[in-house]
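Numbering (my numbering), first residue to last: 442 to 667.
Just so it is clear, CB atoms sit at the ideal spot from N, CA and C, and this is done for glycine as well.
A short write-up of the structure that comes next.
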């Protein structure tokens, strides 16, 4: 309570009647980000069976509460923020968000996905980070769903899948980054969805040329270079 929730915290407490709903939302978050296509406001055709807006929407609202509703990260400090959004006098949907925060939905979506992509990279996060859950850690509490890699599961992730049900346990071996090679990465994106790519230089050459083709509207975010 009132601390950054990690995998260790869940492993210590176990799944209880108090945190069961949160555990379901974490599982839905895994299905949301690790499957393609995905979407923030809809569950597109072809998404993973467990993917739903109950996971994507919860993750987005959790970020809103941490970053805009409680920037000082005080206990229960986001309550006034969510009460204002759900007040009967407040405008519904994205208009209500814009009225309360002073930013449009597109700008918030950019900030949200930038924060997601910087999580677990070892680099500084954004000015408006998640403060309630250590998502790269806490989303690894499951044997199922347990996709290859860790939050936020770039589509370039490669390796071998582990088996947490075996004895002894077999840990996965994965890398989220692909080397700079001539290659196509094709796939769909749902409405408000995201495809995360991570690349790393193999130490040769003078750089990389990346070409992105997509059907509008769409946006390319480059969040870090190393």
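task: Go ahead and pull the three-state DSSP assignment for residue 573.
output: Here residue 573 refers to the residue found at position 132 when the chain shown is read from its first residue. Looking at residue 573 - three-state DSSP - the assignment turns out to be coil, as it is neither helix nor strand.
message: Using only the alpha-carbon positions, how far apart do residue 622 and residue 507 sit?
response: The residue labelled residue 622 in the question sits at position 181 within the chain shown. The residue labelled residue 507 in the question sits at position 66 within the chain shown. Near 38 angstroms, if we compare the C-alpha coordinates of residue 507 and residue 622.
query: Contact check, residue 487 vs residue 478 under 8 angstroms by CB: the rounded distance?
result: Taking the chain shown and counting its residues from 1, the one referred to as residue 487 is at position 46. Taking the chain shown and counting its residues from 1, the one referred to as residue 478 is at position 37. Beta-carbon to beta-carbon, residue 487 and residue 478 are separated by about 6 angstroms, close enough to satisfy the 8 angstroms threshold.
message: Quick check on residue 549: buried or exposed, where buried means 16 or more other Cβ atoms within 10 Å of its Cβ?
response: Working through the chain shown from its first residue, we reach residue 549 at position 108. Under this definition residue 549 is a buried residue.
field: 8 angstroms Cβ cutoff met for residue 501 and residue 511
entry: Mapped onto the chain shown, residue 501 falls at position 60. Mapped onto the chain shown, residue 511 falls at position 70. It is not a contact, given that the beta carbons lie outside the stated cut-off.
- prompt: Can you give the beta carbon distance from residue 669 to residue 626, rounded, assuming they're within the 8 angstroms contact cut?
  reply: The structure shown does not extend to residue 669, since the chain is modelled only from 442 to 667, so the question has no answer here.
Buried or exposed by the 16-neighbour rule on C-beta atoms within 10 Å, applied to residue 582: Indexing the chain shown from 1 puts residue 582 at position 141. Residue burial annotation: residue 582 is buried, with at least 16 other C-beta atoms found within 10 angstroms of its C-beta.
field: Cβ-based neighbour list, residue 528, same chain, cut-off 8 angstroms, excluding 5 preceding and 5 following
entry: The residue you call residue 528 lines up with position 87 of the chain shown. Correct list: empty, nothing qualifies.
field: Short Cβ contact (8 angstroms threshold) for residue 640 with residue 618
entry: Residue mapping note: residue 640 aligns to position 199 of the chain shown, counting from 1. Residue mapping note: residue 618 aligns to position 177 of the chain shown, counting from 1. In contact: residue 640 and residue 618 (Cβ atoms closer than 8 angstroms).
field: Residue range of the unbroken beta strand (DSSP E) whose run includes residue 614
entry: Here the question's residue 614 lines up with position 173 in the chain shown. Element bounds for residue 614: 614-616.
query: Using CA coordinates, which residue listed in 612, 571, 606 is at the minimum distance from residue 590?
result: To locate residue 590, count along the chain shown from 1; it is residue 149. Nearest in C-alpha terms to residue 590, of all of 612, 571, 606, is 612.
- prompt: Which term fits residue 654, buried or exposed, when burial requires 16 or more other beta carbons within 10 angstroms of its beta carbon?
  reply: Residue mapping note: residue 654 aligns to position 213 of the chain shown, counting from 1. Per the 10 Å Cβ criterion, exposed.
- prompt: Got a sec? Which residues, its chain only, sit under 8 angstroms from residue 451 by beta carbon, not counting five neighbours each side?
  reply: In the chain shown, the residue the question calls residue 451 occupies position 10. Sequence-distant Cβ neighbours of residue 451 in its own chain, meaning closer than 8 angstroms and more than five residues away, are 460, 464, 579, 582.
message: With a threshold of 7 angstroms on Cβ separation, who are the neighbours of residue 532 within its own chain once the five nearest residues in sequence on each side are excluded?
response: In the chain shown, the residue the question calls residue 532 occupies position 91. For residue 532, where only same-chain residues beyond five positions count, the Cβ hits under 7 angstroms are 540.
- prompt: Roughly how far, in whole angstroms, is the beta-carbon of residue 481 from the beta-carbon of residue 634, given that I think they are within contact range, below 8 angstroms?
  reply: Counting from 1 along the chain shown, the entry for residue 481 is found at position 40. Counting from 1 along the chain shown, the entry for residue 634 is found at position 193. Contact flag correct, Cβ pair sits at about 7 angstroms.
message: Given 7 angstroms as the limit, tell me if residue 575 has its C-beta closer than that to any heavy atom belonging to the ligand PLP.
response: The ligand PLP is absent from the structure shown, which contains no ligand whatsoever.
message: Please report the distance separating the alpha-carbon of residue 516 from that of residue 443.
response: Within the chain shown, the letter at position 75 stands for residue 516. Within the chain shown, the letter at position 2 stands for residue 443. Rounded to whole angstroms, residue 516 to residue 443 spans 5 angstroms at the Cα level.
message: Buried or exposed, going by whether 16 or more other CB atoms sit within 10 Å of the CB of residue 649?
response: Locating residue 649 in the chain shown gives position 208, counting from the first residue. If you draw a 10 Å sphere on the C-beta of residue 649, you find fewer than 16 other C-beta atoms in it, and that means exposed.
Limits of the unbroken alpha helix (DSSP H) element including residue 436: Here the chain comprises residues numbered 442 to 667, so residue 436 is not present and cannot be evaluated.
- prompt: Given residue 662, which residues of its chain have a CB within under 8 angstroms of its CB, disregarding the five upstream and five downstream residues?
  reply: Locating residue 662 in the chain shown gives position 221, where the first residue counts as 1. Hits under 8 angstroms: 551, 554, 555, 558.
- prompt: Ends of the alpha helix (DSSP H) at residue 551?
  reply: The count along the chain shown starts at 1 and reaches residue 551 at position 110. Residues 546-559.
- request: Please classify residue 654: does DSSP put it in a helix, a strand, or coil?
  value: In the chain shown, counting from the first residue as 1, residue 654 sits at position 213. It is coil, neither helix nor strand.
message: According to DSSP, is residue 604 part of a helix, a strand, or is it coil?
response: Against the chain shown, residue 604 aligns to sequence position 163. Strand at residue 604.
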